[in-house]
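Visitor:
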Amino acid sequence: MLTGNKNEVIPVSHLRKVDLDNVREVFKGYPGLNLNHLTVKNDQGDIISLRFVDMNNRLERQTGFMDPIVPEDFKRLLNCKVFVFIPISDYEIALDTLKYLKKNSKGIIVFDAHGPTTGCMVNGERLRKFWVDRDLWLPYIDVLKMNLEEAQASWFKKEYESSDFTISEEPNREMLRTFAEHCLNKGVKAVYITVDSRGCLVYFKQRKKIVEEMVSAVKV
Numbered sequence: 118m119l120t121g122n123k124n125e126v127i128p129v130s131h132l133r134k135v136d137l138d139n140v141r142e143v144f145k146g147y148p149g150l151n152l153n154h155l156t157v158k159n160d161q162g163d164i165i166s167l168r169f170v171d172m173n174n175r176l177e178r179q180t181g182f183m184d185p186i187v188p189e190d191f192k193r194l195l196n197c198k199v200f201v202f203i204p205i206s207d208y209e210i211a212l213d214t215l216k217y218l219k220k221n222s223k224g225i226i227v228f229d230a231h232g233p234t235t236g237c238m239v240n241g242e243r244l245r246k247f248w249v250d251r252d253l254w255l256p257y258i259d260v261l262k263m264n265l266e267e268a269q270a271s272w273f274k275k276e277y278e279s280s281d282f283t284i285s286e287e288p289n290r291e292m293l294r295t296f297a298e299h300c301l302n303k304g305v306k307a308v309y310i311t312v313d314s315r316g317c318l319v320y321f322k323q324r325k326k327i328v329e330e331m332v333s334a335v336k337v
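Using the numbering used here, the first residue of the sequence shown is number 118, and each one after it goes up by one.
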């Protein structure tokens, strides 16, 4: 998307003033990239340190916090064909923002579930959390993307015993299909769940029936 002359990519983010020039430098030279919506009004931005334990796990600590993306950030962008939201913490995108776009724009809303399934503790530690208010968001999302761990944090029982909390590294296809069907029934058009090196499970409706496809990973 960053190499063609016909498409325009417009990042929308809030940054610290000290980071703005460096961010602009990183993206300098890419055709079709509009950086006019990187703002520093409140001088706030995320600061996160990562330490990788293995390919799928990392220890994260957050010491700075971006102020949330709100409807005001999109008032001049309503003609965009696609809105891609990739929050990394649960507070970064206001639900009112998706509601605003759904009401005022015809653009497709793509949403990554990493944000609502990741919370920050008072000691800066970043941890996986249940997406408890999930159903408030689903009607305003067209394409929902997540990985296996995020899917397990998005589909949960109403009540648990202490011994019930487990995270599996193997995909439970029946559970994932049930979860995807729930999302599709709430208004989501397609659900993408990446399953590591195996590829990506895709769910959508065709003639009112749920379709499940496995898209193989591309070797690079």
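Each residue gets a CB set at the ideal place from its N, CA and C atoms; glycine is no exception.
#1: When the distance is taken between beta carbons, is R251 closer than 8 Å to T235?
#2: Judging by CA-CA distance, which residue of F144, P148, N159 is the nearest neighbour of V135?
#3: Under the assumption that I225 contacts V260 (Cβ atoms under 8 Å), give the Cβ distance between them as a whole number of angstroms.
#4: Any idea what DSSP makes of C317, helix, strand or coil?
#5: Pull up the distance between the alpha-carbon of L167 and that of S206, whole angstroms please.
#6: DSSP three-state call for S271: helix, strand or coil?
#7: Alpha carbons only, please: which of N151, T180, D138 is nearest the one belonging to E356?
#8: Rounded to a whole number of angstroms, what is the C-alpha to C-alpha distance between K223 and K306?
#9: For L176, I'd like the list of residues in its chain whose CB is within less than 7 Å of its CB, leaving aside the five on either flank, ordered along the chain.
#10: Any idea which residues DSSP pairs A334 with across the strands?
#11: Just how far apart, CA to CA, sit R133 and I327?
#12: Using C-beta distances below 7 Å, list every residue in its chain close to V332, excluding the 5 sequence neighbours before and after it, in chain order.
#13: Could you tell me the distance, in whole angstroms, from the CA atom of G146 to the CA atom of E287?
#14: Determine the closest residue to E298 out of L215, N289, E329, with distance taken between C-alpha atoms.
#15: Within its chain, find whatever has a CB closer than 6 Å to the CB of V129; leave out the 5 residues flanking it on each side and keep chain order.
#16: Given this structure, state the Cα-to-Cα distance separating S271 from E125, to the nearest angstrom.
#17: Taking Cβ positions, are L215 and Y257 nearer each other than 8 Å?
#18: Is DSSP giving N159 helix, strand or coil here?
#19: Go to A307, then tell me how far its beta strand (DSSP E) extends in each direction, as first and last residue.
#20: Taking 8 Å as the threshold (C-beta atoms), are Y208 and P185 in contact?
#21: Go through the region 129 to 210 residue by residue and report every complete run of the alpha helix (DSSP H) that reaches 4 residues or more, in order.
#22: By how many angstroms is the C-alpha of Y309 removed from the C-alpha of A334?
#23: For the alpha helix (DSSP H) that N221 lies in, which residues bound it at each end?
Guide: Inspection of the coordinates gives the following:
#1: no
#2: N159
#3: 7 Å
#4: strand
#5: 14 Å
#6: helix
#7: There is no way to answer for residue 356, as the model of the chain reaches only from 118 to 337.
#8: 14 Å
#9: R168, V170
#10: DSSP output for A334 lists no bridge partner at all.
#11: 44 Å
#12: G316, C317, V319
#13: 41 Å
#14: E329
#15: H154, D190
#16: 32 Å
#17: yes
#18: coil
#19: 307 to 311
#20: yes
#21: 134 to 144
#22: 13 Å
#23: 212 to 221
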